[in-house]
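These notes are about the structure you will find just below.
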Amino acid sequence: MQQVRVNQVFLKFQMQTMIQGQSVYCDDLAIVYHGDGLHLIENLTFDAVVTDPPYGYRMYKHDLPVPIEYWEHLLNERKVKLAIFGYPEELSWTAGQLGKPDEWVTWWPTNLFGRRSQLMRTSQAIAVWGDDLNRKAVREPRSDNPAGKAIAKLRGNETETRTAGDVWRDFSPCSGMRPQNRQKHPNEKPVSLMEKILTLINANNICDPFCGRGSTLIAAKQMGLKSIGIDVDPACCKTAAGRLREVML
Ligand SMILES: C[S@@+](CC[C@H](N)C(=O)[O-])C[C@H]1O[C@@H](n2cnc3c(N)ncnc32)[C@H](O)[C@@H]1O
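Numbers given in the numbering used here equal positions in the sequence shown, counted from 1, plus 5.
Take a look at the structure:
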């Protein structure tokens, strides 16, 4: 019954967009398809989906919400690990439907203070599901503040490092209204942030079905991981391909 519903959703979106997948870039580690990420994943093999999906605010042509059945299908039938970006309120609703995430990260870009931002809100969240997350690798040094260390000791936590899994402050390439940023995708993610997510999710073959300008794929390639990107917008695919070409291994 569930499968029938999922298929109906895929069919509806497929009919709405009528887009066939087409590979626009390929190297030893990364491949970029121009097409519909809701539909194309069925023919692809991967062990994790890491993605910043369209948020459904109709800010651009393809900004339609992703149906909850899509995420359910990935988690429950494909049984892959999953990391999804979103604004905290909407993502909490998604997480409520899918079941408690194994990790919840708040991304609070460092350069927002005192500047107007192209992001609609100051922070975004990342919900992560997966059974062998590499939390240790994203730990960071604790400050020298003795009070903080004493509290950590009382709580039974490590006193020299702390989990970075709560607030990450990586610089945003799109924040600020400086002229050089106006042409960028309003939601382009920093490669450093994607590297941390990929480290945490601990998978070898990653798919980003809504890859935009390809930050997930750039991070994966720099880390020597295999990745597949899909985007419905040909301009995004072209930019992602250009950025991937520039990554030297
Ligand atoms: C929030 S943006 C992703 C930005 C990306 N994280 C980056 O760093 O550039 C969402 C992307 O999903 C794409 N998109 C929307 N609907 C899609 C669909 N059905 N299939 C594939 N891509 C889609 C949009 O073109 C947009 O580039």
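No residue lacks a Cβ here, since even glycine has one placed at the ideal position from N, Cα and C.
Please classify residue i as buried or exposed, where buried requires at least 16 neighbouring CB atoms within 10 angstroms.
| i | result |
| --- | --- |
| V172 | exposed |
| G135 | buried |
| S220 | buried |
| N192 | buried |
| G91 | buried |
| W76 | buried |
| A35 | buried |
So for residue i, helix, strand or coil by DSSP?
| i | result |
| --- | --- |
| C242 | helix |
| W113 | coil |
| E165 | coil |
| Y75 | helix |
| R256 | The chain is shown only over 6 to 254; residue 256 falls outside these bounds and no answer can be derived. |
| E200 | helix |
| K231 | strand |
| E3 | The displayed coordinates of the chain run from 6 to 254. Any statement about residue 3 would go beyond what the structure contains. |
| L34 | coil |
| M182 | Reliability of the predicted coordinates at M182 is poor, the pLDDT of 47 falling under 50, and the value obtained from them is presented with this limitation in mind. In this structure, M182 counts as coil in the three-state DSSP scheme. |
| N207 | coil |
| K84 | coil |
| H67 | coil |
| K17 | Its pLDDT being 48, under 50, K17 is placed unreliably by the model, and nothing is read from it. |
| E108 | strand |
| T221 | helix |
| T50 | coil |
| S61 | One detail in the question is off: residue 61 reads as Gly in this sequence, not Ser. G61: coil per DSSP, three-state reduction. |
| T99 | helix |
| G91 | strand |
Can you grab the Cα-Cα spacing for the pair residue i / residue j, in whole Å?
| i | j | result |
| --- | --- | --- |
| T56 | S148 | 31 Å |
| V237 | K141 | 36 Å |
| N139 | K86 | 12 Å |
| A225 | A100 | 25 Å |
| G161 | P151 | 15 Å |
| P214 | M253 | 24 Å |
| D41 | R83 | 18 Å |
| Y60 | C216 | 13 Å |
| T164 | K158 | 6 Å |
| I89 | S177 | 17 Å |
| M199 | W112 | 11 Å |
| E145 | K201 | 11 Å |
| K194 | E47 | 25 Å |
| G52 | V143 | Residue identity differs from the one stated: residue 52 is Asp in this sequence, not Gly. Going from the Cα of D52 to the Cα of V143 covers about 20 Å. |
| H67 | G153 | 46 Å |
| G104 | Q227 | 32 Å |
| E95 | P239 | 27 Å |
| Y62 | S97 | 17 Å |
| E251 | A155 | 46 Å |
| D137 | I211 | 15 Å |
| L69 | G247 | 26 Å |
| P114 | P93 | 14 Å |
Can the beta-carbon of residue i be found closer than 7 Å to that of residue j?
| i | j | result |
| --- | --- | --- |
| L203 | Y30 | no |
| A245 | V110 | no |
| I223 | L49 | no |
| N209 | L230 | yes |
| I131 | Q102 | no |
| E108 | V71 | no |
| L80 | V54 | no |
| Q27 | H44 | no |
| R218 | C242 | no |
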